[in-house]
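Going down the list, the protein sequences come from chains S and Z. All residue numbers for the first sequence refer to the working numbering, where the first residue is 10 and numbers rise by one. All residue numbers for the second sequence refer to the working numbering, where the first residue is 10 and numbers rise by one. Take a look at the structure below.
Protein chains: 2
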Amino acid sequence: MEPDIASLAAMIADPSRAKMLTALLGGRALTATELALEADITAQTASNHLAKLLEKELLVVRKQGRHKYFQLAGEHIARLLENLMVLSHNMSSIKTGPNDPSLKVSRVCYDHMAGEVAVALYDSLLKQGFILDNIDHCTLSPAGERFFISLGADLTTITTKSRPICRPCLDWSERRSHLAGTLGQWILNDALQKGWAERDLVTRAIHFSPRGKRAFFNCYAIV
Amino acid sequence: MEPDIASLAAMIADPSRAKMLTALLGGRALTATELALEADITAQTASNHLAKLLEKELLVVRKQGRHKYFQLAGEHIARLLENLMVLSHNMSSIKTGPNDPSLKVSRVCYDHMAGEVAVALYDSLLKQGFILDNIDHCTLSPAGERFFISLGADLTTITTKSRPICRPCLDWSERRSHLAGTLGQWILNDALQKGWAERDLVTRAIHFSPRGKRAFFNCYAIV
DNA sequence: CCGTTGCTTCGATGGTAAGCGAAGTGTGAC
DNA sequence: GTCACACTTCGCTTACCATCGAAGCAACGG
């Protein structure tokens with residue numbers, strides 16, 4: 010049999026479920042009630058939807074006390090969702106950006122950064138020759154390896170077989186590439202750990218402190 | 010506003026529409042009645058679906074006399090569909106291949122080859138160092154350029170700005186990479202033009218003649 | 001002209017599934 | 001224990017939309 014793409018697409022086709030899934034693109038695990046709020050539905054219906062999403066393996070769940078924390082089942086789901094976002098955004102006749110301006114500046118895309126800052130970062134890394142871009146390929150150059158080692162990155166842990174180190178990810182608001190992959194993940198975690206930026210508690214936005222923004226832009230030579 | 014991924018997914022979520030879209034993954038333009046047959050529905054309902062798919066810009070149409078030829082709106086749609094196929098195939102607990110064995114051997118994936126033969130081709134090109142693979146990147150080496158020029162390929166027409174020359178495309182039946190991009194397109198067209206293989210008139214299968222298969226395997230040093 | 005074929009529009013029907021209220025289960029706090 | 005909270009199950013309603021029959025329009029062939 011040909012694979013059943015209809016039932017998979019049906020999971021995303023419901024507006025409430027779509028809202029939940031995009032909320033989970035923020036990367037962090039959310040409880041059932043939080044997701045219900047996000048989708049503007051009652052807890053009952055949310056429970057119904059979540060059961061379906063679990064059954065179809067788009068989500069995974071972790072029980073903690075009386076809470077249930079839901080998460081995307083993996084990067085493959087996140088990529089599918091971003092893919093859909095890019096397409097639906099480009100195809101809609103009304104081409105508007107995110108309504109929340111801070112989302113436009115910088116936001117989380119599952120496990121890496123997206124938005125204006127991320128696009129600028131990508132361009133800067135390209136310009137400095139740290140990464141090499143071929144439309145939809147992207148590799149880390151020797152100079153890039155040295156650079157990230159000097160920043161304290163452990164390339165041995167970043168290098169995994171299952172995931173590419175750096176991968177261009179189309180930005181649905183900017184329509185340009187930004188950096189995904191384990192390196193993109195490392196950059197986000199590093200910036201958060203150094204206190205340069207904080208993740209918004211409810212939205213997917215990333216808020217840089219004034220000092221953090223200077224440090225970040227300086228570190229990566231972003232103009 | 011965040012992009013409306015739900016309505017895009019809804020287009021694929023209907024089983025009849027999904028059948029039509031997968032049929033169109035064969036790459037050739039099909040008439041409304043052909044698509045209706047493919048989806049096992051009457052002409053009326055098919056017309057209804059096709060109107061929606063046009064409105065949402067998943068398809069484009071060309072009128073020719075009293076026939077209407079429908080096609081996928083572009084490579085981006087084909088990629089989305091293949092993406093969904095890989096995911097839904099991998100996620101389904103019953104992991105079965107295509108029911109039609111000839112589909113498993115070789116089939117069309119929008120504009121390039123997929124299936125066992127295509128995967129073997131990809132491996133051979135890798136082994137000979139004609140293409141370089143980095144998990145999900147892929148570039149054509151200088152040796153590869155020379156090789157394809159010797160085969161009569163015009164690299165200047167193959168090189169376009171809008172599309173990568175070679176791009177690995179995950180095979181949902183083999184779960185391994187095969188070659189997409191303009192180079193993958195060229196290889197398919199070349200094999201068809203040389204009479205090595207023919208496209209099945211109704212399915213997406215590619216049928217090699219005994220002589221054609223020998224020639225193809227010999228040309229690309231497939232073992 | 002008329003018949004045939006390809007596609008569309010209209011109206012009616014039916015099935016599916018999203019939604020919620022109410023009640024039920026389970027976990028933790030006091 | 002009792003209450004509060006998180007989540008689930010049940011039953012019901014409702015709304016949407018895929019489907020088809022019938023009729024209509026358009027294009028070609030005689």
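Backbone N, C-alpha and C define an ideal beta-carbon position, used for all residues, glycine too.
- Sequence-distant partners of L93(S) (beyond 5 residues in either direction) whose C-beta falls short of 8 angstroms from its own C-beta, in its chain, are I21.
- Between the region 16-34 of chain S and the region 46-55 of chain S, the count of Cβ pairs shorter than 8 angstroms is three or higher; the stretches touch.
- Under a criterion of Cβ atoms nearer than 8 angstroms, the residues of chain Z adjacent to T31(S) are, in order, E11 and I14.
- For chain S, the residues of the region 22-50 of chain Z that bring a beta carbon within less than 7 angstroms of one of its beta carbons are A22, D23, P24, A27 and T31, in chain order.
- Listed along chain S, the residues sitting closer than 7 angstroms to N92(Z) by beta-carbon distance are L89 and N92.
- The residue from E11(S), L34(S) and M122(S) with its alpha-carbon nearest to that of E11(Z) is L34(S).
- In this structure, the straight-line span from the alpha carbon of A129(S) to that of Y78(Z) is close to 43 angstroms.
- With respect to chain Z, the C-beta atom of L17(S) has a partner C-beta closer than 9 angstroms.
- The beta-bridge partner set that DSSP reports for Q80(Z) consists of V69(Z).
- Put simply, the region 201-212 of chain S does not touch the region 131-142 of chain S. Fewer than three CB pairs are less than 8 angstroms apart.
- Between the C-alpha atoms of T191(Z) and A230(Z) there is a straight-line separation of about 21 angstroms.
- The secondary-structure analysis by DSSP pairs T54(Z) with nothing; it has no beta-bridge partner.
- With fewer than 16 other Cβ atoms inside 10 Å of its own Cβ, G161(Z) counts as exposed.
- Straight across, the Cα-Cα distance linking W181(Z) with L201(Z) is about 23 angstroms.
- For the C-beta of W181(Z), the chain S residues within less than 7 angstroms are, from N- to C-terminus, P12.
- Within its own chain, the residues whose Cβ lies closer than 6 angstroms to the Cβ of A189(S), once the five positions on either side in sequence are excluded, are H121, R176 and C178, listed in chain order.
- Straight-line measurement puts the Cα of R155(S) at about 43 angstroms from the Cα of I14(S).
- C228(S) carries a helical assignment under DSSP once its states are collapsed to helix, strand and coil.
- Boundaries of the beta strand (DSSP E) harbouring F217(Z): I215 to F217, taken from the DSSP string.
- Among the residues facing chain Z, K65(S) is included, as its CB has a counterpart in that chain under 9 angstroms away.
- Taking the beta carbon of L96(Z) as reference, the chain S residues within 7 angstroms of it are L17, H85 and L89, listed in sequence order.
- In this structure, A87(Z) places its C-beta atom within 9 angstroms of the C-beta atom of C118(Z).
- With 16 or more other Cβ atoms inside 10 Å of its own Cβ, V95(Z) counts as buried.
- In the DSSP assignment, E125(S) falls outside any beta strand (DSSP E) and lies within the alpha helix (DSSP H) extending over E125 to K136.
- Proximity of N57(Z) to chain S, defined by a Cβ-Cβ separation below 9 angstroms, is not satisfied.
- DSSP, read as helix, strand or coil, puts R26(Z) in helix.
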